[in-house]
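Residue numbers (the working numbering): 1 to 270. C-beta: ideal position from N, C-alpha, C; glycine also.
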């Protein structure tokens, strides 16, 4: 195992974060460069490092997701589920998903949390723990928090405030909320805003982030892309102010987009 593989192993195990991994890999790359004939420019070296990181991210995610079947098997007793979990009186709910591929949808047609699929669940107060391949219907809530450790998430959610975090896996989210935060640590994030939020933060630590704005979006988007590219679709009429993208008057919505290692694309629904 070479030095870069060791660093990525520490990253996969959660012993270091993305910034620390980047600095260590960069240092290892510089050390290796000293031992070779200097033939590449700094720009070429950075792109070479980017290719290493992106490929390693994909391999790390693949390795992490390969453990999901065992995680499902060991977390909760897996079985066929078709149940409604009552949540009368609750305005705030937290879903703690251990592993699996999960579909979430907010629906006014249900009063409780309807769970269907193969897996298991446990409820403790305002927290519902889930594991397995599941389809979940939720009633509209004042605040919804979704925390997913491993697996892919496909969600169509609405509420006053929504927070979603996925540690390992891809997230495809259609969101209608006044305030929110969506974060993917290792994987790609596709976030479609069905309506303009007052405040929203989208974070993708390692992977690509695609953000789709509603047709009538008016607001500012503060962007932090550390290692990757930022592309704004030509259909969006905007102006740039340092690291801010301003659409319209730029006052109705405040968005923050953060991507440490990956590419960001911003488009708009026609």
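Proximal residues to residue 126 (C-beta, below 7 Å), its chain only, five neighbours per side dropped: 90, 92, 93 and 94
In or out: residue 27 buried (at least 16 other Cβ within 10 Å) or exposed? exposed
In whole angstroms, what separates the C-alpha of residue 207 from that of residue 7? 18 Å
Mind checking residue 176: buried by the 16 CB within 10 Å criterion, or exposed? buried
Jot down the residue ranges of each uninterrupted beta strand (DSSP E) in the stretch 114-192, minimum 3 residues, whole runs only, in chain order. 127-138, 141-150, 153-168 and 171-186
Indicate the three-state DSSP secondary structure (helix, strand or coil) for residue 230 in the structure shown. strand
Of the residues 141, 139, 133 and 142, the one placed nearest residue 154, counting alpha carbons only: 133
Neighbour-count burial assignment, residue 84, 16 or more Cβ in a 10 Å radius: exposed
Tell me the residue span of the beta strand (DSSP E) that contains residue 212. 209-213
Below 6 Å CB to CB, which residues in the same chain sit around residue 192 once its five sequence neighbours on both sides are set aside? 174 and 212
Touch check for the stretch 137-145 and the stretch 158-173: three-plus C-beta pairs under 8 Å? yes
Going straight from the alpha carbon of residue 266 to that of residue 122, what length do you get? 38 Å
From this set, 157, 244 and 166, which residue's C-alpha is nearest residue 151's C-alpha? 166
Touch check for the stretch 253-270 and the stretch 218-231: three-plus C-beta pairs under 8 Å? yes
Would you tell me roughly how many angstroms separate the C-alpha atoms of residue 172 and residue 118, rounded to the nearest one? 21 Å
State buried or exposed for residue 170, treating a residue as buried only when at least 16 other CB atoms are found within 10 Å of its CB. buried
What is the DSSP secondary structure of residue 16, counted as helix, strand or coil? coil
Using the C-alpha atoms, what's the distance from residue 254 back to residue 130? 32 Å
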